[in-house]
Amino acid sequence: MKRKVIPLFFTLSVCSTFNLWTELKAASIHFSFQQEGIIVEGTVLNSSTGKVLQGVTIVVKASGKSTKTDASGRYRIEIPYKDAVLTFSYIGFQPQQIVAGGRSTLQVSLVEDVKALEDVVVVGYTTQKKRNVVGAVATITTKDLVQSPAANINNMLAGRLPGLVVNQYAGGEPGVDRSELFIRGKSTYGNQSPIVIVDGIERDMSYLAPDEIETVSILKDAAATAPYGIRGANGVIVVTTKRGQSADKATVDFKASYGLNTPAQLPMLLGSADYATLYNEALMNDAKRSGGNIDNLKLFSQDAIDNFRRAKGDNSDGLGYNWDYFDYIFRTAPQHEYNLSIRGGNDIAKYFVMGGYMGQDNNYDHVDLSKYNVSPKFQRYNFRSNIDVNITKNLWVKLNLGARITNRTSPGTSASRLMTLAMTQPPYLPIILEPNSQPSTQGYLLNNPSGLLFGNQIYRFNVLGELTRSGYHTEKNTYLEGSFAAGWNMDFITKGL
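Counting in our numbering, the sequence shown runs from 34 upward without gaps.
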């Protein structure tokens, strides 16, 4: 089950002179009504050379529609209204936003991002400026990562680095959102996944906090991955965490974000009346094909179908049930994250210290009916401390410490199991049987005023039973990672040694 995150951000930065500034990013809602889309087409060129650009991404703002330019630099896209805003973006060029303004043809020239070419990227065990990199390397910074407030850093990278394929294979519950990473598709060596290097050491980056990361680079071809030998055959992901900076004043940053997790897309199922009608048709068609007697079939009566169509759905009016199992199982759940960091230093010592918390709340409904704590929740605590000290003019040392604590609780069932039940249970069957005077039907489920869970010989498993009586999982993990490095500048022998 994929989840959709609707983020609301609040960012507060404080410097040591106690100047406060706040930035509020509010979500905007756009409504558009149209009877027919407008087609916009054109060509995207390099403003410096006049040559066409292939693979430029064009996105219609606030609509989700997108396309790319073909080998001849041409594109064609449908916009919902004449004043829609189109965003053109391409690696190494400055993004550009253009208002369609009722035009059907737009010729666009993108300007090279010269500043980006001066940025430093990590290649192997050293750094280079982008303009000097020969191999295939793509880089993303914290500024881009925090735009996708996911719990797993791997999922934040989806669609943000060319050549990187992100495949989320876990259920999508809080804390169950692991992904596979592939560079330029699946390879043929080993487990096919690229190796991940965090601050020079091979480590898992899944649950690093985005605010402790400086850059993420992917090395895609043989020239870029050569320092890693055969281990780099499937590509390399290089992560560098933030470090201290020489400054007159230390910088304190605090970030708080709040979002809502909700299923991105759920199937629209038939109601009980339509289900019963099609069920009757299926049985009669089978009987006709096999030469059976239609009169012997156990069909829904027309009165029952009419009652289903008039029923409220919960059988409170005695006309029948009409359950939407997906609506019964899932609910919108909040997600919140807080990060506090201090960054500073001078020519002798530099430091970066960060502490963070991220929490995802329960996205299953009705789990509070259990006597156990089965609500799926996930909590993550992150700590980072990077210190650089120049002991002498030529001798330096670095100490990197990273800690992470994760707590997760969940019911004994899984998201895939619940999805299967929701897809296969007929909507006219009850989830809970109403109690009567028989002692055997009283209070089978703790704090459940409605009595027994429904089940029969065909449909033996109950959605509410899976949520509340399948047991529970509790998982706690503590990680502490550290590294120490020392170096001696030997430029006095040979420059660059």
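The beta-carbon is built from N, C-alpha and C at its ideal position, and this holds for glycine as well.
Residues bridged to residue i by DSSP?
i    : result
K383 : G378 and D421
V179 : DSSP lists no partner for V179.
I173 : V249
H506 : S443
A518 : K431
A366 : N294
L143 : N79
R493 : Answer is none; R493 lacks a bridge partner.
E111 : I72
F416 : G388 and A436
F121 : I91 and Q129
S212 : Q201
D339 : Paired residue(s): none; D339 is not in a bridge.
I270 : V229 and I251
T593 : Since the first and last residues shown for the chain are 34 and 530, residue 593 lies out of range.
What distance in whole Å lies between the Cβ atoms of residue j and residue i, which are believed to be in contact at a cut-off of 8 Å?
i    : j    : result
G378 : T284 : Wrong, their Cβ atoms sit about 10 Å apart, outside the cutoff.
D210 : A242 : Their Cβ separation, rounded to whole angstroms, is 15 Å, which puts D210 and A242 out of contact at 8 Å.
T172 : E74  : Going by Cβ atoms, the distance from T172 to E74 rounds to 32 Å, so no, they are not a contact pair.
S226 : E213 : 6 Å
Y291 : H369 : 5 Å
P460 : L303 : 7 Å
V272 : V249 : 5 Å
N419 : T258 : Contact flag wrong, Cβ pair sits at about 26 Å.
Y405 : Y505 : 5 Å
Y384 : G515 : No, Y384 and G515 are not in contact; Cβ-Cβ is about 15 Å, not under 8 Å.
Out of curiosity, what's the CA-to-CA distance linking residue i and residue j?
i    : j    : result
T527 : D421 : 24 Å
L178 : I131 : 25 Å
G389 : V229 : 22 Å
G520 : I263 : 27 Å
L143 : Q180 : 23 Å
R136 : L119 : 12 Å
D237 : M456 : 36 Å
Q127 : V407 : 48 Å
D319 : Q129 : 60 Å
V532 : N313 : Given a span of 34 to 530 for the chain in the structure shown, any question on residue 532 remains unanswerable.
F517 : L434 : 9 Å
N329 : L316 : 11 Å
R109 : L197 : 25 Å
S80  : E145 : 8 Å
F494 : L451 : 10 Å
S334 : F121 : 59 Å
S305 : G325 : 26 Å
I251 : P195 : 9 Å
L513 : L454 : 40 Å
D347 : N294 : 27 Å
V170 : G125 : 12 Å
L299 : F359 : 7 Å
T417 : G392 : This sequence places Arg at residue 417; Thr is not what is there. Rounded to the nearest angstrom, the two C-alpha atoms are 18 Å apart.
Could you name the residues of the same chain whose beta carbon sits closer than 7 Å to that of residue i, not counting the 5 residues immediately before and after it, in chain order?
i    : result
T511 : I438
S449 : G204
V199 : N187, N188, L190, A191, S212 and L214
R193 : I173 and D177
N395 : A366, S408, P409 and K410
S349 : none
Tell me which same chain residues have a C-beta within less than 8 Å of the C-beta of residue i, skipping the five on either side of it?
i    : result
N340 : L352 and G353
T50  : With a pLDDT of 33 at T50, under the threshold of 50, the modelled position of this residue cannot be trusted, and the question is left open.
L78  : K84, V85, L86, G106, Q140, V141, S142 and L143
T446 : E499, L500 and S503
D380 : S279 and N423
With DSSP collapsed to three states, give me the class of residue i.
i    : result
G92  : It is Val, not Gly, that sits at residue 92 in the sequence shown. V92: strand per DSSP, three-state reduction.
D232 : coil
P129 : The residue you asked about is not Pro; residue 129 is Gln in the sequence shown. Here Q129 sits in strand by DSSP.
F525 : coil
R217 : coil
Q278 : coil
D103 : coil
A436 : strand
M391 : strand
V407 : coil
Y397 : strand
Y512 : strand
G346 : strand
I465 : strand
Y261 : helix
A59  : Residue confidence is low: A59 scores 31 on pLDDT, short of 50, so the model does not pin down where it sits. No coordinate-derived value is stated.
Y354 : strand
Considering only residues of the same chain and omitting the five flanking positions on each side of residue i, which have a CB-CB separation below 6 Å?
i    : result
I112 : I71, V73, V93 and A133
R441 : G208, F411 and E508
Q68  : Because Q68 carries a pLDDT of 42, less than 50, the predicted location of this residue cannot be relied on, and the following value inherits that uncertainty. Result list for Q68: empty, nothing under 6 Å.
S374 : D286 and M387
K219 : Q225
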